[in-house]
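Residues in the sequence shown are numbered from 1 upward in steps of one, following the UniProt record's numbering. Think of the CB as a built atom: it goes at the ideal place given N, C-alpha and C, for glycine as much as any other residue. Taking it in order: structure first as structure tokens, then the write-up.
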Amino acid sequence: MRATDVMIAGKVAVVCGYGDVGKGCAAALKQAGARVIVTEIDPICALQALMEGLQVLTLEDVVSEADIFVTTTGNKDIIMVDHMRKMKNNAIVCNIGHFDNEIDMLGLENYPGVKRITIKPQTDRWVFPETKTGIIVLAEGRLMNLGCATGHPSFVMSCSFTNQVIAQLELWKEKATGKYEKKVYVLPKHLDEKVAALHLGKLGAKLTKLTKDQADYISVPVEGPYKPPHYRY
């Protein structure tokens with residue numbers, strides 16, 4: 001909305017990919033009033049989308065009907081120039097998943113006779129010579145939350161930076177024990193919980209406390225961690 005001043009409500013939006021990023025993107029579009037369609041390769045993610053009341057189709061099914069296309073896959077060659085040629089006039093194409101190769105920007109730039117019209121920085125209309133119709137590409141196919149907005153909210157960054165600081169403190173504390181080898185680790189669950197706990201007060205939250213009997217009943221320590229490592233939130 002900030003990049004184009006286009007109202008999202010009532011539009012048909014296609015979210016390519018329904019992983020962590022796609023889920024958040026689809027939810028935001030749905031809350032803004034869009035009719036959301038998801039494309040997926042993974043049957044589990046596809047089923048999750050269906051359980052949220054979303055349609056799951058292929059890009060080829062909807063390419064000529066949708067108003068907004070968002071790539072969130074982390075893969076390449078998701079929306080190709082042949083897809084873009086079939087889109088309705090002034091369809092919006094953008095990426096929030098990966099580099100600028102999720103959208104075939106190279107193919108678009110090299111398409112014979114295509115005309116690029118810069119509406120404003122990071123917002124371009126590309127007009128195809130055959131139809132004289134065009135699409136609007138945001139942030140040159142790169143991450144639109146960085147190109148067309150100001151990136152992540154400060155609260156999100158606080159959580160991210162707290163994760164990093166606590167991880168560094170843990171490595172320093174355990175440096176003499178040999179607990180951690182030179183490889184990548186997932187942050188231990190009790191430290192993940194600590195990061196979350198440090199941010200609850202800002203939002204006015206109050207945690208319920210387990211009694212010893214309750215903790216014993218579900219086989220967790222009173223002070224946590226409260227979930228096994230394999231638990232998916």
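Counting along the chain, Thr162 sits inside the alpha helix (DSSP H) bounded by residues Ser154 to Lys173.
Met84 places its beta carbon 8 Å or farther from that of Gly141. Here the stretch 18-37 makes no contact with the stretch 107-115; the two share fewer than three CB pairs at distances below 8 Å. For Leu143, there is no enclosing alpha helix (DSSP H), since its DSSP letter is neither H nor E. Only buried fits Trp126, as 16 or more other CB atoms lie within 10 angstroms of its CB. Three or more Cβ pairs closer than 8 Å define a contact, and the stretch 142-157 falls short of that threshold against the stretch 166-183.
Inter-residue distance for Tyr217 and Glu223 is about 14 Å (C-alpha atoms, whole angstroms). Segment contact: the stretch 61-75 against the stretch 88-105, three or more CB-CB distances shorter than 8 Å; contact assigned.
With contact defined as three or more Cβ pairs closer than 8 Å, the stretch 68-75 and the stretch 13-26 are in contact.
Taking C-beta separations shorter than 6 Å and ignoring five residues to either side along the sequence, the partners of Val81 in its chain run Asp104, Gly107, Leu108 and Tyr111, following chain order. Straight across, the Cα-Cα distance linking Gly113 with Ala197 is about 56 Å. The C-alpha of Ile136 lies about 23 Å from the C-alpha of Lys23. The continuous beta strand (DSSP E) containing Lys120 extends over residues Lys115 to Lys120. Of the candidates Asp5, Leu59 and Thr177, Leu59 places its Cα closest to the Cα of Lys86. Pairing Val186 with Phe161, the inter-Cα distance amounts to about 15 Å. In this structure, Glu102 is the residue among Val21, Glu102 and Lys175 with its C-alpha nearest to the C-alpha of Ala139.
Of the other Cβ atoms in all chains shown, 16 or more fall within 10 Å of the Cβ of Asp124; this residue is therefore buried.
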